[in-house]
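A quick write-up on the structure given underneath.
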Amino acid sequence: MADTFSPIAPRPSPVKVTGVVPWVRRNLFNDWRSSLTTLFVIGLVLYVLPSLANWSIFNSVVRADADACQAARGTGACWGVVTEKYRLILFGRFPYEEHWRPLLATSIMIGALVLSCMRYFWKPWLAIMWVGVLTVFFTLMGGGVLGLEPVRTDVWGGLPLTVMLATLSIFLAFPISIMVALGRRSNLPAIRSVCIVYIELIRGVPLISVLFMASFMFPLFMPQGVTIDVLVRVVAGITLFAAAYMAEIIRGGLQALPKGQLEAADTLGLSYWQTQRKIVLPQALAMTVPSMMGNFISIFKDTSLVFIVSLYELVGAMSLALNSDVNWRPFKIEAYLFITFIYFIFCISMSRYSLWVEKQLSASKAR
């Protein structure tokens, strides 16, 4: 008897696992505990949101009118303090009529950072571009050439100082941390001991102590008549501090590599530096991207501590701008929210870029 074709009855479609509704069900209402927590948070937001909206938007004062802000105290935010003081907050004590210089210098450096994060620009000439960017930045900020009015480094402040300190410290600390991490794993006792002492000594004190030593104590050990600019000393202090923490992060990545890969490199006859450059460091650095990016974000935020050595970066410039004007001094909360928003933009951008790098690395390992 010949076989006859009998179609299979249609089956219902599988449960949808992608989209907004599955994500909400999986992350917010997965069980009774998460559901209860989600409902509590939603209720709290609905309770707080109307008052927050009234204070920050509907009852707020945007124009630079100190009397109107005083009348709205307790009921509305005074964004007029930002309207009035934003230039002093962003550029600190830099000469007011020369504010175009730090604005242009900061824009060029931020633009170079954005380009450096794009794979298309990962070429050998990127280093040459950065030499030009730093030259233009310090020329615009310092002046004294091309008809620009000279401006001392102790007058620099605000966002340009914050961006410059974070950028230089990260760039300088990264190669130092790699060498220190390799040195701590060295078979030579002298090199290993020096690296261990450096790491433990720096990690054993807060950054404020390092900045204090670099700014006030270090000049006492210099020969008579020899002085080093305070900005250079601060950059050196932040760099050494960041390098010590980053070295331990990289060392963790080095220790995570299987020993068999080093043995295979020895079998192939690779030298020590060939092994580190072609096999060890690429994998170790890839594994430590999240931790390193967290350290980069910490460096950016820690630049606010240079206020202790009389360098008025973003937070210091804000305090200087408000403390010098009694009319706007009561509205520090709004000014702090303004600089908090700036810090958030930079930090969230670094965090999202870190996630992009991790995604690219994961794609390279996919089979």
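Residue numbering for the sequence shown follows this note's numbering, starting at 804 and increasing by one per position.
The beta carbon of each residue, even a glycine, is placed where N, CA and C say it ideally should be.
Could you give the first and the last residue of the continuous alpha helix (DSSP H) run that contains residue i?
i       : result
Leu1044 : At residue 1044 the sequence reads Phe, which differs from the Leu that was named. Element bounds for Phe1044: 1033-1059.
Glu1171 : In the structure as shown, the chain begins at 804 and stops at 1170. Residue 1171 is therefore absent and cannot be evaluated.
Cys872  : 869-874
Ile1005 : 992-1006
Gly877  : It is not in any alpha helix (DSSP H) - Gly877 carries neither H nor E in the DSSP assignment.
Val1013 : 1010-1015
Thr1030 : Premise fails: Thr1030 is in no alpha helix (DSSP H) and is neither H nor E.
Ile892  : 883-894
Leu1065 : 1062-1070
Which residues in the same chain as residue i place their Cβ atom closer than 7 Å to its Cβ, once the five residues preceding and following it in sequence are excluded?
i       : result
Pro815  : none
Glu1137 : Ala880, Cys881, Trp882, Val884, Val885
Arg988  : Arg1054, Leu1057
Thr754  : In the structure displayed, the chain extends from 804 to 1170; residue 754 sits before or after that span and is not available.
Asn857  : none
Tyr850  : none
Arg995  : Gly986, Arg987, Ser989
Asp834  : none
Met1095 : Met1049, Ile1052
Counting C-beta neighbours from all protein chains within 10 Å, is the total for residue i 16 or more, i.e. buried, or is it exposed?
i       : result
Asp1105 : buried
Asn1098 : buried
Met1025 : exposed
Glu1116 : buried
Lys1081 : exposed
Ile1148 : exposed
Ala1087 : buried
Arg922  : exposed
Gly1056 : buried
Ser910  : exposed
Thr1143 : exposed
Leu1084 : buried
Val954  : buried
Ala976  : buried
Trp1159 : exposed
Ile973  : buried
Phe843  : exposed
Leu1140 : exposed
Ala812  : exposed
Phe808  : exposed
Ala969  : buried
Ile999  : exposed
Ile981  : buried
Val983  : buried
Between residue i and the rest of its own chain, which residues show a CB-CB distance below 8 Å, the 5 nearest in sequence each way excluded?
i       : result
Asp957  : Val1033, Leu1034, Ser1113, Leu1114
Tyr1146 : Phe1103, Lys1104, Leu1117
Phe1015 : Ile1111, Val1112
Lys870  : Just to set this straight, residue 870 is Asp in the shown sequence, not Lys. Result list for Asp870: empty, nothing under 8 Å.
Cys1150 : Ile1100, Phe1103, Lys1104
Ile913  : Val966
Leu949  : Thr942
Ala875  : Asn862, Ser863, Val864, Cys881
Ignore the nearest five residues each way along the sequence and tell me which others in residue i's own chain have a CB closer than 6 Å to its CB.
i       : result
Ile979  : Ala1046
Leu964  : Glu1116
Leu847  : none
Leu918  : Phe924
Val1109 : Val1037, Glu1116
Gly895  : Gly960, Gly961, Tyr1115, Ala1120
Ala915  : Val936
Quick check: does the Cβ of residue i come within less than 8 Å of any heavy atom belonging to the ligand GTP?
i       : result
Val1160 : With respect to the ligand GTP, the structure shown offers nothing to examine, as it has no ligands at all.
>> Going residue by residue through the segment 1072-1144, where are the continuous alpha helix (DSSP H) segments of at least 4 residues, counting only ones entirely within it?
In response: DSSP runs (the alpha helix (DSSP H)) wholly in the segment 1072-1144: 1075-1078, 1084-1090, 1092-1105, 1117-1126.
> Which whole runs of the alpha helix (DSSP H) in the segment 804-837 are 4 residues long or more, in chain order?
Replying inline: Qualifying alpha helix (DSSP H) stretches, in chain order: 823-830.
>> For the pair the segment 926-934 and the segment 1072-1092, tell me if three or more CB-CB distances fall below 8 Å.
In response: The segment 926-934 is not in contact with the segment 1072-1092.
>> Check whether the segment 1000-1020 and the segment 1038-1046 touch, using three or more Cβ-Cβ pairs below 8 Å as the test.
In response: The segment 1038-1046 and the segment 1000-1020 touch, with three or more beta-carbon pairs separated by less than 8 Å.
> Is it true that the segment 1124-1134 meets the segment 885-894, where meeting means three or more beta-carbon pairs spaced less than 8 Å apart?
Replying inline: Segments in contact, yes.
> Can you list the alpha helix (DSSP H) stretches of 4 or more residues lying completely in the segment 914-981, in chain order?
Replying inline: Whole alpha helix (DSSP H) segments, 4+ residues: 928-945.
> Is the segment 1049-1057 in contact with the segment 1012-1023, if contact means three or more CB pairs nearer than 8 Å?
Replying inline: Between the segment 1049-1057 and the segment 1012-1023, the count of C-beta pairs closer than 8 Å stays below three; the two stretches do not touch.
> Does the segment 988-1007 come within contact of the segment 1068-1082, defined as at least 3 CB pairs closer than 8 Å?
Replying inline: Output reads no: the segment 1068-1082 does not touch the segment 988-1007.
>> So, does the segment 942-950 touch the segment 896-906, judging by three or more C-beta pairs under 8 Å?
In response: With a cut-off of 8 Å, the segment 896-906 and the segment 942-950 count as touching, because enough Cβ pairs lie within range.
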